[in-house]
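Student: The UniProt record's numbering numbers the first residue of the sequence shown as 1 and each following residue consecutively.
Even glycine gets a Cβ: it sits at the ideal position worked out from N, Cα and C.
These numbers come from a predicted model, not from an experiment.
Handing you this structure, nothing more for now.
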Amino acid sequence: MRKACGRAAQAGKEMRHPTKMPKAPPSARRDQPEPRDAVTGRVCPPLRGGCFAHQHRRPPKRRAGRFSTCLKPPETGDPGSGQLWFRQYWQLEATRGREHMVFGKLFGGGGNKRRQEAEEAENFRQGLEAPMRALLDLIHDMPVDRTSKMLLRQKIIQRDKGELERVLQNVILPKLDPAWQARIKDLGKSEAWMTFLEFRETPMCRGRTDERMDMLHIGNFPIPAELSRKGEQSFAPVVFSGDGHLLTVAPTGAGKGQAFILRNLYNYEGPTVVFDPKGELYRKTAWRRDWYGKVFKFAPEDPDTDCFNPMDMLTPLPDEDADVIWDNARQLAELLIVPMGKEPFWDNTAKDLVTALIFYVYHTYPPRQRNIREVTRLLHLDEDRRDALIQKLKDSDEERLRELGATLLDVHESMRTSITHTLRTQLEIWRSPKVMRATRGTSHGLHPHTIAGDDHMRWWMYSQGVEDKPGFWLEDDNTAITGDAHTVFVVVPAEQIDMYSSVLRVVLGMMLQGVMAHRRYVEREARGNQSPATPEGQWPFLFLFDELPQLGYMRIVEDAISIARGANIRLWLLAQDLSQLRNVYPRWETLIANSRAQMFFRPNDLGTAQYISDLLGEHPDLWGNRTPLAAPNELIGGAFRDDVILRFQGHKPIRARMPMFWDESESAKKMVANAKARLGDVPVREREPWPIDGLTLEELKTQNEAMRKQVPEEPEEPAETEPALSEEGGQGQNEKTAKPEPKSEAAPEYELTEDGLPKPPRLD
């Protein structure tokens, strides 16, 4: 009876108070969308007070949301501002299928009117200056009383900067702690940096890449706690995909390899050419790169190096004529010679001479003798044979050789001698026995046309439905099916980069030139067949050039970064600081401008920090002053210690967090351990027994040495040494201890032609 009376009393109470609505069931409340403020965009908490401006009574609670309690404008003279100030809107995301709340069904008016009012509110918000808009968004979270919040909101709506500054200085800031005061004084910076809501709608967000998989992980975007599913701050990966190139500027030891390069080499499934100064990338990722295709290592200092002969790259493609050989020889000469002076005449004359010698060797010498060592040998001829060579060039059947021979005859002897000595100095490294062994020929499959062709053919066959999707596959019986995305590691000790700079420029540059030539060939074939040049989904050919300025000037890089964007070729250029780039590349700003994305982190010199600060620009504050978005001292100091600044063309700058170092990431360690346990951690080229002809690695090395010895021996280098002192102290040759003197280059073991020029040896 008591329970029944209680239920009756409750029912009578509800009848006496019709404004109160019964509670909705939990399922209905859970399915209802969260109300959002159209001005601030934030989730609206339940309204717990009346209208402080007009002292209205407390509104009734409603489970459906909170509504406007006052439509009367404040005493500002602007009737529209009062409506915009007091009304609360719900603006829901159309992308998730939600609709606007039908405000008019409850209080009169239609949904269109409600939608129009919400648009007006958002237009007003967007019309504010960035600091004002940031302050408006921040009012809800300020730890001050409601009266102060409403007063501050009123001044923003009135757009009275003087009154707004007075309210902030005298009313708001004294009530806040130092952290909040600094946050308000720096308002506007958050608007200058890309926000998470903006980031998730860009191609840099992993979920917005249109299912493209050719991604490079270049940072982590902080997700605010209120927007995170976990309820605490988390991170979303920032990715680089599609066409374009990437430039990274960070000092030595900043973590370029550990934070970015290693993780991307581990996951990137496209063909790749990597300059690896320390050999660390090869040691840690070669076994993984074997999954995607063959692995090559060009390392002149290592006995198991693969071979790469740059002159093999001169051969024209099937649809090219012989004139391309001269152009390729010119490209090779430009990679061999680094500009030395401000006068272009000297550099151009030196390049012309080297171009002619390369062309002469290619057309005159047998295939196995066409290498850079033979070119350098022609630079060490004595005067008579040098004159005979110039005369032979002048009498050649090739027009360009005749023109160059005539030019050299007209050059003064002292100038010709100076140019020759300069060339000898720059090409000295090519006389090294280690370089000669590594550049006598080209290992099977290492030609850039072959590497690019294998990858393109596999993707083309996949697009025609002939083969499975390229990449790594693991069958049920743990049989590994690798792809055709080959990887080339160019390895030289870091302390020997300067010494090998000419070799490195030639190998990397000719690889890039060869891939670009093949892509042009594919495009010509595609136009003839009326088919796409790049099959859908094909990964770009990645060139990763670490320590780019230390390699010296490479014009092919400047050309590629401008024209290779549409050829499905991606360059990732890395430098320690901008001063290095400025000293080597006269058009260094063009490299930056043509890079679709730039990465900067942990600068340690003022010049680079100042450039980054100028690049980010300035932002206005609440007081009307303009301050740098990131000052140079902040970039060098601890404020940006764990951050990476990313700039994408057409987007706001991103202040992302650096990924965890590869060797310190527990998830990466677990993933690598599981993969190695299933497939091993030794690349195919180092496994024993060797998979080719059943030979072990040592047997293969012995066989390669025997094959090298079958090639005619190199003429000994000239030596100008003092006679050894005998034990008696006089000048004489000690037969037991003295080394035999090498034969002079003036009298090589070559047969001489009628003109006195060295005749290349025959191959029996």
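Taking the straight line between their C-alpha atoms, what separation do you get for residue 663 and residue 258?
Tutor: Translated into positions along the sequence shown, residue 663 becomes position 663. Translated into positions along the sequence shown, residue 258 becomes position 258. Rounded to the nearest angstrom, the two C-alpha atoms are 7 Å apart.
Student: Indicate the three-state DSSP secondary structure (helix, strand or coil) for residue 572 in the structure shown.
Tutor: Residue numbering aside, residue 572 sits at position 572 when the sequence shown is read from its first letter. Three-state DSSP puts residue 572 in a strand.
Student: Kindly indicate which three-state DSSP category residue 429 falls into: helix, strand or coil?
Tutor: By 1-based counting over the sequence shown, the position of residue 429 is 429. Helix, per DSSP.
Student: Give me the residue from 220, 395, 567 with the minimum Cα distance to residue 205.
Tutor: In the sequence shown, counting from the first residue as 1, residue 205 sits at position 205. Residue 205 has its Cα closest to that of 220, out of 220, 395, 567.
Student: Whole angstroms is fine: what's the gap from residue 344's alpha carbon to residue 358's?
Tutor: Counting from one through the sequence shown, the residue named residue 344 turns up at place 344. Counting from one through the sequence shown, the residue named residue 358 turns up at place 358. Cα-Cα distance, rounded: 21 Å.
Student: Quick one: using the 10 Å Cβ neighbour count with 16 as the cut-off for buried, is residue 348 buried or exposed?
Tutor: The residue labelled residue 348 in the question sits at position 348 within the sequence shown. When all chains shown are included, residue 348 counts as exposed.
Student: Can you tell me which of 331, 418, 545, 361 puts its alpha carbon nearest to the alpha carbon of residue 393?
Tutor: By 1-based counting over the sequence shown, the position of residue 393 is 393. The residue with the shortest Cα to Cα distance from residue 393 is 361.
Student: With a threshold of 8 Å, are at least 3 pairs of Cβ atoms found where one atom belongs to the region 604-619 and the other to the region 226-244?
Tutor: These segments do not touch.
Student: Can you tell me the Cα-Cα spacing of residue 154 and residue 121, whole angstroms?
Tutor: Locating residue 154 in the sequence shown gives position 154, counting from the first residue. Locating residue 121 in the sequence shown gives position 121, counting from the first residue. Distance between the alpha carbons of residue 154 and residue 121: 14 Å.
Student: DSSP beta-bridge partners for residue 219?
Tutor: Indexing the sequence shown from 1 puts residue 219 at position 219. 238.
Student: Around the C-beta of residue 466, are 16 or more other C-beta atoms found within 10 angstroms, so that it is buried, or is it exposed?
Tutor: In the sequence shown, counting from the first residue as 1, residue 466 sits at position 466. Exposed is the call here.
Student: Tell me the rounded alpha-carbon separation between residue 556 and residue 217.
Tutor: As a first step, residue 556 is located in the sequence shown; it is residue number 556 there, counting from the start. As a first step, residue 217 is located in the sequence shown; it is residue number 217 there, counting from the start. Residue 556 and residue 217: Cα-Cα distance of roughly 26 Å.
Student: At which residue ranges does the region 358-421 contain complete alpha helix (DSSP H) runs of 4 or more residues, listed in the order of the chain?
Tutor: DSSP runs (the alpha helix (DSSP H)) wholly in the region 358-421: 372-378, 383-394, 399-410.
Student: How far does the beta strand (DSSP E) with residue 247 in it extend, from its first residue to its last?
Tutor: As a first step, residue 247 is located in the sequence shown; it is residue number 247 there, counting from the start. Residues 246-249.
Student: Report the residue from 288, 278, 525, 522 whose alpha carbon sits nearest the alpha carbon of residue 683.
Tutor: Numbered from its first residue, the sequence shown carries residue 683 at position 683. For residue 683, the nearest C-alpha among the options comes from 288.
Student: Mapping the DSSP letters down to three states, classify residue 276 as helix, strand or coil.
Tutor: As a first step, residue 276 is located in the sequence shown; it is residue number 276 there, counting from the start. Reduced to three states, the DSSP call for residue 276 is strand.
Student: Can you have a look at residue 350 and say buried or exposed, based on whether 16 or more other CB atoms are within 10 angstroms of its CB?
Tutor: Here residue 350 is taken as the residue at index 350 of the sequence shown, counted from 1. It counts as buried.
Student: Spatial neighbours of residue 566 within its chain, please: C-beta separation below 8 Å, excluding the five flanking residues on both sides.
Tutor: Position 566 of the sequence shown, counting from 1, holds the residue named residue 566. Same-chain partners within the cutoff: 243.
Student: To test your reading of the DSSP string, which unbroken beta strand (DSSP E) runs of 3 or more residues are found completely within the region 487-565?
Tutor: List check, beta strand (DSSP E) in window: 487-491, 541-545.
Student: Would you call the region 496-506 and the region 427-435 in contact, with 3 or more CB pairs under 8 Å?
Tutor: Taking 8 Å as the limit for Cβ pairs, the verdict is that the region 427-435 does touch the region 496-506.
Student: Counting C-beta neighbours from all protein chains within 10 Å, is the total for residue 674 16 or more, i.e. buried, or is it exposed?
Tutor: Taking the first residue of the sequence shown as position 1, residue 674 is located at position 674. Looking at its Cβ environment, which holds fewer than 16 other Cβ atoms inside 10 Å, residue 674 is exposed.
Student: Might you give, ordered along the chain, the residues of its own chain that have their beta carbon closer than 6 Å to the beta carbon of residue 335, omitting 5 neighbours on each side?
Tutor: As a working mapping, residue 335 is identified with position 335 in the sequence shown. These residues qualify, in order along the chain: 505, 506, 509.
Student: What's the C-alpha gap between residue 304 and residue 645?
Tutor: As a first step, residue 304 must be located in the sequence shown, where it is residue number 304. As a first step, residue 645 must be located in the sequence shown, where it is residue number 645. Their backbone Cα atoms lie some 40 Å apart in a straight line.
Student: State buried or exposed for residue 331, treating a residue as buried only when at least 16 other CB atoms are found within 10 Å of its CB.
Tutor: Here residue 331 refers to the residue found at position 331 of the sequence shown. It counts as buried.
Student: Which residues in the same chain have their Cβ closer than 7 Å to the Cβ of residue 540, if we skip the five residues on either side of it in sequence?
Tutor: On the sequence shown, residue 540 is found 540 positions in, with the first residue counted as 1. Cβ neighbours of residue 540 beyond the five flanking positions: 214, 270, 568, 569, 570.
Student: Identify every residue that forms a DSSP beta bridge with residue 644.
Tutor: As a first step, residue 644 must be located in the sequence shown, where it is residue number 644. Paired residues: 656.
Student: For residue 597, decide whether its Cβ has a neighbour in chain D, counting only Cβ atoms nearer than 8 Å.
Tutor: The structure shown contains no chain D, having only a single protein chain.
Student: How would you call residue 412, buried or exposed, if buried means at least 16 neighbouring beta carbons within 10 angstroms?
Tutor: Reading the sequence shown from its first residue, position 412 is the one you call residue 412. The residue in question, residue 412, is exposed, as its Cβ has fewer than 16 Cβ neighbours within 10 Å.
Student: In or out: residue 85 buried (at least 16 other Cβ within 10 Å) or exposed?
Tutor: Your numbering for residue 85 matches position 85 in the sequence shown. Its pLDDT being 34, under 50, residue 85 is placed unreliably in this model, and the coordinates cannot settle the point.
Student: Give me the Cβ distance between residue 340 and residue 422, rounded to the nearest whole Å; I'm assuming they're in contact under 8 Å.
Tutor: By 1-based counting over the sequence shown, the position of residue 340 is 340. By 1-based counting over the sequence shown, the position of residue 422 is 422. Going by Cβ atoms, the distance from residue 340 to residue 422 rounds to 7 Å, so yes, they are a contact pair.
Student: From which residue to which residue does the beta strand (DSSP E) around residue 338 run?
Tutor: Here residue 338 is taken as the residue at index 338 of the sequence shown, counted from 1. No beta strand (DSSP E) contains residue 338, which DSSP labels as neither H nor E.
Student: Could you check how far apart the C-beta atoms of residue 293 and residue 491 are, in whole angstroms? I think they sit under 8 Å.
Tutor: Position 293 of the sequence shown, counted from the first residue, corresponds to residue 293. Position 491 of the sequence shown, counted from the first residue, corresponds to residue 491. Going by Cβ atoms, the distance from residue 293 to residue 491 rounds to 18 Å, so no, they are not a contact pair.
Student: Taking the alpha-carbon of residue 483 as reference, which of 633, 456, 493, 200 has the nearest alpha-carbon?
Tutor: Position 483 of the sequence shown, counted from the start, is the residue given in the question as residue 483. Checking every option, the nearest Cα to that of residue 483 belongs to 456.
Student: In this structure, how does DSSP classify residue 456 when only helix, strand and coil are distinguished?
Tutor: Your numbering for residue 456 matches position 456 in the sequence shown. Looking at residue 456 - three-state DSSP - the assignment turns out to be helix.
Student: Have a look at the DSSP bridge pairing and note the partners of residue 599.
Tutor: Counting from one through the sequence shown, the residue named residue 599 turns up at place 599. Residue 599 pairs with 248, 646.
Student: To the nearest angstrom, how far is the alpha carbon of residue 463 from that of residue 534?
Tutor: Reading the sequence shown from its first residue, position 463 is the one you call residue 463. Reading the sequence shown from its first residue, position 534 is the one you call residue 534. Rounded to the nearest angstrom, the two C-alpha atoms are 10 Å apart.
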